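For the sequence shown, the working numbering assigns the number 2 to the initial residue and increments by one for each residue that follows.
The beta-carbon is built from N, C-alpha and C at its ideal position, and this holds for glycine as well.
Remember, predicted model here, so these are calculated numbers, not experimental data.
Report on the structure given below.
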Amino acid sequence: MSHLASRTLLWGIAFLWGTGTVTARAWEIPAQVKVELVQVVTEDGVTLQGALYRPEPKVNARPKRAVLVTHGTGGSFYGSITGFLPPLLAEKGYLGLGLNRRDSGHRYYRSTFEDGVKDLKAGIDYLISQGAEEIFLVGHSLGSTFVPYYMAITEDPRVKLVGLSGAIADLRQATVDTHLGSRSKYDEVVREAKIRMDQGRGDELFLISLFGRMEALSYHTFLNYRGPEANTVPVNWIPKIQRPFLLLHNSTDKLARVEWQEELKKAGAGKMDYIEVIDPDPTHTPGQGHSYLGVESKVTTEVADWLARKDFLPGKLH
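Encoded structure:
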C-alpha cells in the first residue's frame, strides 16, 4: 500500500473511531512523516497489524531510536495514544510503531495475557529489522500491564526506557474498584469461573461490566487477566525492572484512578518520573480524558522533553 493510501486509510479509521466530527480530531499525521501499514508475525505464527512511521530523511535518514506503543482493552494501533504518539514522535526524528496485540478489538474476550509477551517481542524485533537499535516501550491502559510483565521476565536489553500511560497498578483490584464494585461480587465471579473451568467450559462467555458498559468475556480470560493468580499486576513487576520509567496521566482521566498512580509511583521509587498532563477542558468525559482527546500535541511535547532529559535523542546513540 502506498504512503498516501496508508495515510488516507489511517485518517478515515481514526475519524470513525473518534466522535464522528471533524472538529474532534485535534491532530493530524504530519505531512512529512512516511506512513506504512504493516503486518508483523510472531514467533508462534500470529499476524499482527500495525502502522510504521518514519521521519523525513532531512530530519533523520536512519533513525536508531524508536518508540513502540501498545494499546488498552479492546484497543488497536490507531486509537488513543497508540495512534497519535508514534507519528508525532516520528516528526521529531524517531521511528514509530503502533501495533495491535493478538487481543485487540473483540479478540480480547477470549485471549490469554501471557501471549502478549510474544506480541511485544515481535514488535521490537520488527523495529530492529527496520534499523532501530534502542526502544522506548510504552503501554497504555491494559497495555500498562503487559509492558512491565514483558520487561520483568525477558529483561530485553533493546528496551532502554519504559512508559506507562493511563496506567493500572493491579488489574485484580481494578476489577473490584471499577467493574464489579465489591470484593464479595468479585469472589462470587471467581468461584463461578473456576467451576466453569473445572467443567471444561472456560471458553464460554458471560456478561461483565467494563467501564460502565456490559461486555462478553470468557471465564478463562476473566481468571487469566483478573483472577487472584493473574500476572496483570504492574506494582509486582516494576521493582524487578532496572530501567527509567515514565508514568503519564491526564488530569481528566478518571478511568485510570489517581490512587493507582500513587501505587505505581511507590513501586517505581527512584526510577520513575510522573507527568500529569493538564487538560484545559473539564467537560471531557472520563473516556475522552483516558484517550487524551484534545491534548495530543501537549502529550507529545511532554514525552519528547522527557526523552531528551533521559538523553534518548533520535539522532544520538551512546
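Quiz item: From Gly84 to Leu98, what does the alpha carbon distance come to, in whole angstroms?
Solution: Within the sequence shown, residue 84 is the residue found at index 83, counting from 1. Within the sequence shown, residue 98 is the residue found at index 97, counting from 1. Their Cα atoms are separated by approximately 9 Å.
Quiz prompt | Lys195 - DSSP class collapsed to helix/strand/coil | solution = Taking the first residue of the sequence shown as 1, we reach residue 195 at position 194. In this structure, Lys195 counts as helix in the three-state DSSP scheme.
Quiz item: Is the number of C-beta pairs between the stretch 97–114 and the stretch 245–261 that are closer than 8 Å three or more?
Solution: no
Quiz prompt | Distance, Met198 Cα to Asp280 Cα | solution = In the sequence shown, the residue the question calls residue 280 occupies position 279. In the sequence shown, the residue the question calls residue 198 occupies position 197. Each residue's Cα considered, the two are about 44 Å apart.
Practice problem: Run through the stretch 33–59 for me and flag every whole beta strand (DSSP E) of 3 or more residues, listed as ranges in chain order. | Solution: 35–42 and 48–55
Quiz item: Of all the beta strand (DSSP E) runs that stay within the bounds of the stretch 177–234, which reach a length of 3 or more residues?
Solution: 206–211 and 214–219
Practice problem: Confirm, please, whether the CB-CB distance from Tyr54 to Val70 is below 8 Å. | Solution: For the purposes of this step, residue 70 is taken as the residue at position 69 of the sequence shown. For the purposes of this step, residue 54 is taken as the residue at position 53 of the sequence shown. No, the Cβ-Cβ distance between Val70 and Tyr54 is not below 8 Å.
Quiz item: Grouping DSSP H, G and I as helix and E and B as strand, with all else coil, what is Tyr151?
Solution: Residue numbering aside, residue 151 sits at position 150 when the sequence shown is read from its first letter. Correct three-state label for Tyr151: helix.
Exercise. Go ahead and pull the three-state DSSP assignment for Val23.
Key: Within the sequence shown, numbered from 1, the residue matching residue 23 stands at position 22. With a pLDDT of only 35 at Val23, under the threshold of 50, the placement of this residue in the model should not be trusted; the figure read from the coordinates follows. Three-state DSSP puts Val23 in a helix.
Quiz prompt | From Ile30, Ala217, Leu96 and Gly117, residue whose alpha carbon lies closest to that of Val42 | solution = Start at 1 with the first residue of the sequence shown, and residue 42 comes out as number 41. Closest option to Val42, Cα to Cα, is Gly117.
Practice problem: In angstroms with no decimal places, state the Cα-to-Cα distance between Pro158 and Ile129. | Solution: Within the sequence shown, numbered from 1, the residue matching residue 158 stands at position 157. Within the sequence shown, numbered from 1, the residue matching residue 129 stands at position 128. Cα to Cα, Pro158 sits roughly 12 Å from Ile129.
Quiz prompt | Own chain residues within Cβ distance below 6 Å of Leu150, not counting five before or after | solution = Mapped onto the sequence shown, residue 150 falls at position 149. The question names Leu, but residue 150 in the sequence shown is Tyr. Same-chain partners within the cutoff: Asn232 and Trp238.
Exercise. Starting from Lys266, follow the alpha helix (DSSP H) in both directions and report where the run begins and ends.
Key: By 1-based counting over the sequence shown, the position of residue 266 is 265. Element bounds for Lys266: Val259 to Ala268.
Quiz item: What do you get for Met152, buried or exposed, if any count of 16 or more other CB atoms within 10 angstroms of its CB means buried?
Solution: Within the sequence shown, residue 152 is the residue found at index 151, counting from 1. It counts as buried.
Exercise. Give me the Cα-Cα distance between Gly269 and Ile276, rounded to the nearest whole angstrom.
Key: In the sequence shown, the residue the question calls residue 269 occupies position 268. In the sequence shown, the residue the question calls residue 276 occupies position 275. Roughly 14 Å separates the two Cα atoms.
Quiz item: What are the boundary residues of the beta strand (DSSP E) that includes Tyr293?
Solution: Counting from one through the sequence shown, the residue named residue 293 turns up at place 292. Element bounds for Tyr293: n/a, residue is neither H nor E.
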